[in-house]
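Chains as they are written, first to last, in the working numbering: chain H, 1 to 290; chain P, 291 to 592; chain E, 593 to 945.
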Amino acid sequence: MSAAERASVAPAPSPRRRWVPGVLPGFRPTLGVTLTYLSLIVLIPLAGLVLKTAELSWADFWRTVSGARALATYRISFGGACIAALVNAACGLIVAWVLARYRFPGKAIADSLVDLPLALPTSVAGIALTAIYSKGGWIGRLLEPHGIHVAFAPAGVVVAMVFVGLPFVVRTIQPVLLDLDPQAEEASCVLGATRLQTFRKVIFPALLPSLMTGFALAFARAVGEYGSIVFISGNMPLRTEIVPLLIITKLDQYDYPGATALAVVMLAGSFVLLMTINALQAWSRRGLHG
Amino acid sequence: MADAWASAHEATRSADVALAAVPAGGDNRLPPPAMSEPWPVRLLLIAFALGFLGLFVVLPILSVFLEAFGQGLSTYVSRLAQPESLAAIRLTLVTASIAVPLNVVFGVSAAWVVSKYRFPGKSLLVTLIDLPFSVSPVVSGLIYVLMFGRRGVLGPWLEAHGLRIIFATPGIVLATIFVTFPFVAREVLPIMQDQGNDEEEAALTLGAGGWRIFWQVTLPKVKWGILYGVILCNARSMGEFGAVSVVSGHIRGETNTMPLQVEILYNDYDTVGAFALASLLMGLALATLVAKKIIEPRQFRR
Amino acid sequence: MNVSVKNVTKRFTAKGTPAVFDASFTATSGAITTLLGPSGSGKTTLLRVVAGLEVADQGQVFFDDRDVSRVPARSRGIGFVFQAFALFNHMTVRRNVAYALEVRGASEEEKRKRVAELLALVQLEGYADRYPRQLSGGQRQRVGFARALACRPSILLLDEPFGALDARVRVELREWLMQLHETTKLTTILVTHDQDEALELSAQIVVMDQGRVVQVGSPSDVYDRPRTPFVASFVGTANVLRGRVEGERVALGSLSVSVPSGTRDGAEVRAIVRPHDVRLAKNDGEQAGRSLGTITRMVGLGAHVKLQLELPSHDPVTVQLTRGEADAMGLAVGDKVVVDLAEAKVFVEDYSI
Chain H
1 MSAAERASVA
11 PAPSPRRRWV
21 PGVLPGFRPT
31 LGVTLTYLSL
41 IVLIPLAGLV
51 LKTAELSWAD
61 FWRTVSGARA
71 LATYRISFGG
81 ACIAALVNAA
91 CGLIVAWVLA
101 RYRFPGKAIA
111 DSLVDLPLAL
121 PTSVAGIALT
131 AIYSKGGWIG
141 RLLEPHGIHV
151 AFAPAGVVVA
161 MVFVGLPFVV
171 RTIQPVLLDL
181 DPQAEEASCV
191 LGATRLQTFR
201 KVIFPALLPS
211 LMTGFALAFA
221 RAVGEYGSIV
231 FISGNMPLRT
241 EIVPLLIITK
251 LDQYDYPGAT
261 ALAVVMLAGS
271 FVLLMTINAL
281 QAWSRRGLHG
Chain P
291 MADAWASAHE
301 ATRSADVALA
311 AVPAGGDNRL
321 PPPAMSEPWP
331 VRLLLIAFAL
341 GFLGLFVVLP
351 ILSVFLEAFG
361 QGLSTYVSRL
371 AQPESLAAIR
381 LTLVTASIAV
391 PLNVVFGVSA
401 AWVVSKYRFP
411 GKSLLVTLID
421 LPFSVSPVVS
431 GLIYVLMFGR
441 RGVLGPWLEA
451 HGLRIIFATP
461 GIVLATIFVT
471 FPFVAREVLP
481 IMQDQGNDEE
491 EAALTLGAGG
501 WRIFWQVTLP
511 KVKWGILYGV
521 ILCNARSMGE
531 FGAVSVVSGH
541 IRGETNTMPL
551 QVEILYNDYD
561 TVGAFALASL
571 LMGLALATLV
581 AKKIIEPRQF
591 RR
Chain E
593 MNVSVKNVTK
603 RFTAKGTPAV
613 FDASFTATSG
623 AITTLLGPSG
633 SGKTTLLRVV
643 AGLEVADQGQ
653 VFFDDRDVSR
663 VPARSRGIGF
673 VFQAFALFNH
683 MTVRRNVAYA
693 LEVRGASEEE
703 KRKRVAELLA
713 LVQLEGYADR
723 YPRQLSGGQR
733 QRVGFARALA
743 CRPSILLLDE
753 PFGALDARVR
763 VELREWLMQL
773 HETTKLTTIL
783 VTHDQDEALE
793 LSAQIVVMDQ
803 GRVVQVGSPS
813 DVYDRPRTPF
823 VASFVGTANV
833 LRGRVEGERV
843 ALGSLSVSVP
853 SGTRDGAEVR
863 AIVRPHDVRL
873 AKNDGEQAGR
883 SLGTITRMVG
893 LGAHVKLQLE
903 LPSHDPVTVQ
913 LTRGEADAMG
923 LAVGDKVVVD
933 LAEAKVFVED
943 YSI
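So this is what it looks like as structure tokens:
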């Protein structure tokens, strides 16, 4: 007999019932494991960050985060991520469309390959991209004579960011595409619209929320990315240095306060992005369930 | 970066289910041919998509293997067998073999507690589980340095007791656990939520105790989800670079995992050595993709 | 404008049964023609072939004398209403209804006028700026109708338009559709599996089974003179009694039927009799055992009473009487009654005699 049943059988009505989380056994142990793990792995280290942040004086903090070098890293990290996410949005839309709608030989392989940037260690991606785009590499060889520098130039940062963000747009849009009501497209066609009109007026608006969500996810990933960028970019301060690299540089110099300050800026940015993404996902869910 | 990998994987899940679920009598998922784009447009789009994937995905895969084997098989093997590289492989395997099982225990516990009970603070708990996805890997490593590093909060205390976390294996394991612990939880939790508690409650009424309910009723239902989570968790545990780079200290032969050793060899201009190690990691990544493809449909035949 | 379908065949798989096989019918101008059949009978596929949403493997579709078989869906000038509404969820009602005008580049003025007309026609004035998710199922389908009528099509195609709605809403909208048709007088082809809907709305019914057209006729033709046992039991409820030809006669329950000479001995015979066509009379002891049935169950269903009888041959028969008739006879479970099956339609194998 559970506590609830016992309570109902007992004659004396007790005004304060003991709150029960559920009837299945195992609440205490599983909650215990979960909370202990989270405390050790997440909460305690985060507490360290908070404490160290508190040690910063406002003046020092401001000096670090608004220094010329830091400002340049923001420009490169956020600017590059924006461009890369736009590229991913446009190309990812096409890739998702093709995977969701068409049949062609090798489709299953192509579909699996989209996930590679998620499965591949970032340093491997880094050296591979550098090999391809440096002067002697397969693509670098074609571009250098025309004065287009990818490796050890800002363009390289963007290329690496496109690589790591690729799956996010595709995988966010793909299920939405598959769930689209084909009858709405048929209705549009029967009402006289050309295929292009149907795409512009019916399909694309339905995809827009998830497209923006994918953009935001790709952007967030690109901003935080480290491994795949530091090889191809050349890490030149003020030109191709990204924020995570500056943090590491400061750590190497034992400038903990400086590193912490920059980390706080990054966390603030991540927080804003997270809120945006959640809002976009909520909008996306709402819009589809008409 | 909420649900970064995980939502991408949720998306992969539904995408693959749809692809796998094409009914025999005709492709009901695709609009009928009367509706679709004219074939030149379709061809162009397919060519573009394949070209894009070829440029950004296939080319790196090829370049890794070509650079690794470019100077012959014997060079490949000898560079791979360097003591530092072997140490890196060993460290990677040790880290993964600690991180993955611990994360499985955590993931299943967390999924159980969130899906089967009501208690205050549940959504905060779920947000905490999602946290590593929102944070840059470098920042993930940084917080451990700030806590356990020589100048960190607990630094002096650790030093006094002769314990080293940062710049030693424990730090690497911790950082790896941080970035990978959500994977199993995020795979198993939605499955448990979808399946509901009916069967467990039935077992309860029939007199089963907690462990029995878990082993005999719940576990068989979620085993594919756990396996899927393990595959993702393992791939990331062996492949994490940024966070581990911050905490490792790059002590040659001691605190370098495979991804870190790749960087060291590359900066040493030992191209073949670097790409040889990279080829192992690339192989692991490709194997992960294959395993995902195989398991995904099974995950859905609940 | 009338619609002629000639020998249309459509397959979705290379082997196996075609979805539609050699289907032909003509939908008269200005009237409602219904394609009626169970799921899988091919009726929706046939409708979509008429719409241009599917391309037939064989056969042709004519609008008046014009062969439209090769004309794409967007140029056929038809209106199509979908079972699941298929409204554009991210557009307001106004924009949904005006869509056909929008893709043809109509002016704002034209669109505004036409939307107002159409919303008045479907009794949804004032809903123009709502979104589909704010409307009930019945309202959404009315928007679907308004949208389909925007460009004044000459033909209206309805694919189980009320299938996704509650039973009560379905009945209300059936009434509404009749009035709409009175107003618009459009040639309409309606697909449904609901025989009440078909009988009530249509001027002509095309009965389909497993991809083939089985009978074409007016509602009374199809109901009173079914050509096959399938039609007889699908359209309207029916009791089915079976027997075999022996010599020149067949015994079916209490009925003895003579069959035409030349009928194969041992051929299967089926008699279909509708529950309200069974005549009962109180047993006054005069009748011999053979035509007596025993009442096994009696249920009052509002305006009529449903009885289950068992014949001496152990065949069950369902009978429907009006309340008045049942009260007059004073029946109870276990009573024996005289059963008259004279109104049965008898089929030898698959043709009626």
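All C-beta atoms in this analysis are idealised placements derived from N, C-alpha and C, irrespective of residue type, glycine included. Fair warning: this is a prediction, and the values are worked out from it, not measured in the lab.
The C-beta of S284 of chain H comes no closer than 9 Å to any C-beta of chain E. The beta-carbon distance between H682 of chain E and P205 of chain H, rounded to whole angstroms, is 5 Å. This is short enough to meet the 8 Å contact definition.
When secondary structure is reduced to three states using DSSP, S810 of chain E falls in the coil class, being assigned neither helix nor strand. In the three-state reduction of the DSSP assignment, I148 of chain H falls in the coil class, being assigned neither a helical nor a strand state. Boundaries cannot be given for L40 of chain H, as no beta strand (DSSP E) includes it and DSSP labels it neither H nor E.
Of the residues P:D488, P:V463 and P:L453, the one whose Cα lies closest to the Cα of T385 of chain P is P:V463. Ranked by Cα distance from V512 of chain P, the options P:M528, P:H540, P:S399 and P:P328 are led by P:S399. One finds nothing in chain H with a Cβ atom closer than 7 Å to the Cβ of T470 of chain P; even the nearest lies about 10 Å away. A straight line joining the alpha-carbon of D857 of chain E with that of V940 of chain E spans about 11 Å. For Q771 of chain E, no beta strand (DSSP E) segment is defined; the enclosing uninterrupted segment is the alpha helix (DSSP H) at A759 to T776.
Runs of the alpha helix (DSSP H) spanning 4 or more residues and lying entirely within the segment 333-382 of chain P occur at 349-359 and 363-370, in chain order.
Here DSSP, grouped into helix, strand and coil, assigns D932 of chain E to strand.
For R862 of chain E, the enclosing beta strand (DSSP E) covers residues E860 to V865. Separation of the CB atoms of G892 of chain E and R866 of chain E is rounded to 20 Å, and the pair is thereby denied contact status at 8 Å. Under a 10 Å Cβ-count criterion, I584 of chain P is classified as exposed, with fewer than 16 other Cβ atoms of the shown protein chains found around its own Cβ. Taking each of H:V20, H:A193 and H:P257 in turn and checking the Cα distance to S326 of chain P, the smallest one comes out for H:A193. Between the C-alpha atoms of K201 of chain H and F152 of chain H there is a straight-line separation of about 43 Å. Taken atom to atom, the span from the alpha-carbon of K777 of chain E to that of D657 of chain E is near 20 Å. By the criterion of at least three beta-carbon pairs nearer than 8 Å, the segment 372-390 of chain P is in contact with the segment 457-476 of chain P.
Per DSSP, the unbroken beta strand (DSSP E) holding S596 of chain E starts and ends at V595 to K602. In the three-state scheme derived from DSSP, where H, G and I count as helix and E and B as strand, G499 of chain P is classed as coil. Taking C-beta separations shorter than 6 Å and ignoring five residues to either side along the sequence, the partners of R542 of chain P in its chain run E374, following chain order.
Under the Cβ criterion of 9 Å, S424 of chain P is counted among the residues facing chain H.
Shown here, S134 of chain H sits in coil according to DSSP, grouped into three states, outside any helix or strand. In terms of Cβ geometry, E917 of chain E and V897 of chain E form a close pair [threshold 9 Å]. Along the segment 159-181 of chain H, going in chain order, the ones with a CB nearer than 7 Å to a CB of chain E are D181. Counting only runs of 3+ residues, the beta strand (DSSP E) found wholly inside the segment 627-663 of chain E occupies 650-655, in chain order. Within chain E, the residues R640, A643, L645, A665, F672, F674 and A678 have their CB atoms less than 9 Å from the CB of E186 of chain H, given in chain order. In the structure shown, I76 of chain H adopts helical secondary structure according to DSSP, grouped into three states.
Our two residues, L35 of chain H and G608 of chain E, have alpha carbons roughly 59 Å apart in a direct line. Residue pairing by DSSP places P587 of chain P opposite no residue, since no beta bridge is assigned to it.
Shown here for A184 of chain H: same chain residues with a beta carbon closer than 7 Å to its own, the five before and five after excluded, namely V202 in chain order.
Secondary structure note for E902 of chain E: its beta strand (DSSP E) is the uninterrupted segment H896 to E902.
In summary, the residues of the segment 421-455 of chain P whose CB is separated from some CB of chain H by less than 7 Å are L421, S424, V425, S426, P427, V428, V429, L432, I433, Y434, V435, L436, M437, R441, G442 and V443, in the order they occur in the chain. N557 of chain P places its beta carbon 9 Å or farther from that of A378 of chain P. Look at the segment 249-269 of chain H: the residues with a C-beta under 8 Å from a C-beta of chain P are L251, Y254, Y256, A259, T260, A263, M266 and L267.
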